[in-house]
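Residue numbering for the sequence shown follows the working numbering, beginning at 762 and increasing consecutively. We put the beta carbon where it would ideally sit given N, CA and C, even for glycine. Since the structure is predicted, the reported quantities are computational estimates derived from the model, not experimental observations. Structure record follows, encoded as structure tokens.
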Amino acid sequence: MKIIKNTLIGLFLAFTIIFLVNLNGSNVKAAGVDFSVSPVFSTGQNKKQSAYYDLKSKPNQTYQLKAAVKNSSDHDITIHASANTALTSDNANINYGENNAKTFDTSMKYPFSKLVTDNKKNLHIPANQSVITSFNVKAPAVTFPGKILGSLTFTNDPDKNGNTKGKLTIHNAYSYALPVLISENVDAQPNLKLLKAGGKLINGSNSFYGRFRNNQPNLMTSVKMSGAIYSKNGYDNHEKPLYTNINRNASIAPNSSFKFLVPTNNQAFKSGDYVYVGKVDWGKHHWKYVKDFHMSFAKAYHANKEATGVHADYTWLWLLLAALLIILILIIIIIKLYLKNKHNSK
């Protein structure tokens, strides 16, 4: 449990767009941002944790999660507060941000956002004033194993003036997340599956990936996760992988699916047969995965065309097409000569 708590604090520190956490004061404030957020603890919550809510729940009970939001500016502001279910982002890191998700993994019985009766609200805060806002969380009616993970997220309106860079104006908005961990101290047996493997254009870059699914209510932290891509022939002949990636401090939200990426480092995709090999180590649990997949020429071509910084050399394709065209012309000439000779012999 200590590892989970320490990791939650670490994720909390790293999550928001631009922010600084003062754990001693339980206050969350970003440099240059005109508001701050801090949790206000009440009955049923572990008050030893200053950066997130650690709720030991009982069936069918309602709990109130409170947060203090302070406007440190000399003008009124509006803060958009919401309750969100934690998900796992690409490359195995927990995402506590506002996601507006309506559907979840079919294995998730109790999404945090659906346990909160008033999961969205707008807070109007006068200049140099603070407000206390609260969210009511109703625990499941029956005892549940594992963990329920989510967050309370607070976002300001984008600045009106923005920052101009050339012809582009960027309007910044800042968001803070207070993680929420709910449990009843009932363990769940972990089960992490590799659903598929492939390659695609992701955020403008070519990446291979393995798609994983954690179908149990386990919060997996301090996970070592690696992925390797082999050509099918190279794997069969025990050659070195073409591409590799490793995350030594991965984190996986309960009942979530995600892609673990293996970037090509701006290399072009090539069509052919591949093998994805993945390894996951979490405490005493160790998994190894092997999955074959095929990259079609059409998929590789379109991804390479759109990828940033990728130069795909298709000279061989043009040479092949030219050779086929020459062969086709020769066949037509031969057929015409044959028909002409046949006609003259009559």
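Annotated three-state conformation of Gly907 is coil, per DSSP.
Arg974 is positioned such that its CB atom lies closer than 9 Å to that of Ser1017.
Going by DSSP, Asn1010 is part of the beta strand (DSSP E) stretching over 1004-1013. Collapsing the DSSP output to three states places Asn975 in a strand. For the pair of segments examined, the segment 853-862 was found not to touch the segment 818-836: the number of CB pairs separated by less than 8 Å stays below three. Using a 10 angstroms sphere on the CB of Leu939, the tally of other CB atoms reaches 16 or more, which defines it as buried. Within 10 angstroms of the beta-carbon of Asp795 lie 16 or more other beta-carbons, which makes it buried.
Cβ neighbours of Ser803 within its own chain (closer than 7 Å, five residues either side excluded): Gln825, Lys827. Residue pairing from DSSP places Gly960 in a beta bridge opposite Phe969. Here Tyr1050 is not near Phe969, since their CB atoms are 9 Å or more apart. The criterion of a C-beta distance shorter than 9 Å is satisfied by Gly907 and Leu980. According to the DSSP assignment, Phe1058 belongs to the alpha helix (DSSP H) that extends over 1058-1067.
Per DSSP, the continuous beta strand (DSSP E) segment holding Ser797 begins and ends at 796-801.
The segment 981-991 and the segment 1020-1027 touch, with three or more beta-carbon pairs separated by less than 8 Å. If you compare the alpha carbons of Pro872, Asp918, Ala842 with that of Asn883, the shortest gap goes to Ala842. Looking at the DSSP output, Thr982 sits in no beta bridge, so it has no partner there. Beyond the five residues adjoining it in sequence on each side, Leu962 comes within less than 7 Å, by CB distance, of Ala1064, Glu1067, Ala1068 in the same chain, given in chain order. Between Leu848 and Ala1011 the beta-carbon gap is near 14 Å, outside 8 Å, which marks them as no contact. A Cβ-Cβ contact shorter than 9 Å links Val801 with Ile893. Take Asn933, set aside five residues on each side of it, and the residues of its chain with a beta-carbon closer than 6 Å to its own are Asp920, in chain order.
For Phe896, the uninterrupted beta strand (DSSP E) run begins and ends at 891-899, by DSSP. In the DSSP annotation of this structure, the continuous segment of the beta strand (DSSP E) that includes Tyr1037 starts and ends at 1033-1043. Asp918 sits away from Phe896, with the two beta carbons spaced by 9 Å or more. Per the C-alpha coordinates, the member of Ser833, Leu913, Lys957 positioned closest to Ala844 is Leu913.
Counting along the chain, the unbroken alpha helix (DSSP H) around Tyr996 starts and ends at 993-997. In terms of Cβ geometry, Pro820 and Glu1000 do not form a close pair [threshold 9 Å]. Contact between Phe1019 and Asp866 does not hold, since the beta-carbon distance rounds to 10 Å and is not under 8 Å.
Around the beta carbon of Phe1058, a 10 Å sphere encloses fewer than 16 other beta carbons of the protein chains shown; the residue is thus reported as exposed. With respect to the 9 Å criterion, Lys899 and Thr823 are classified as neighbours on the basis of their beta carbons. Per the coordinates, the alpha-carbon of His1055 lies some 8 Å from the alpha-carbon of Ser1032. For Val877, the closest alpha carbon among the candidates Ile943, Phe905, Lys831, Gly965 is that of Ile943.
In this structure, the beta-carbon distance from Tyr1037 to Gly971 falls below 9 Å.
Taking a 10 Å sphere around the C-beta of Leu1086, we find fewer than 16 other C-beta atoms and assign the residue as exposed.
Apart from the 5 residues on each side of it in sequence, Lys1040 sits with its Cβ closer than 6 Å to the Cβ of Ser987, Lys1049 in its chain, given in chain order.
Judged by DSSP in its simplified three-state form, Ala949 adopts coil rather than helix or strand.
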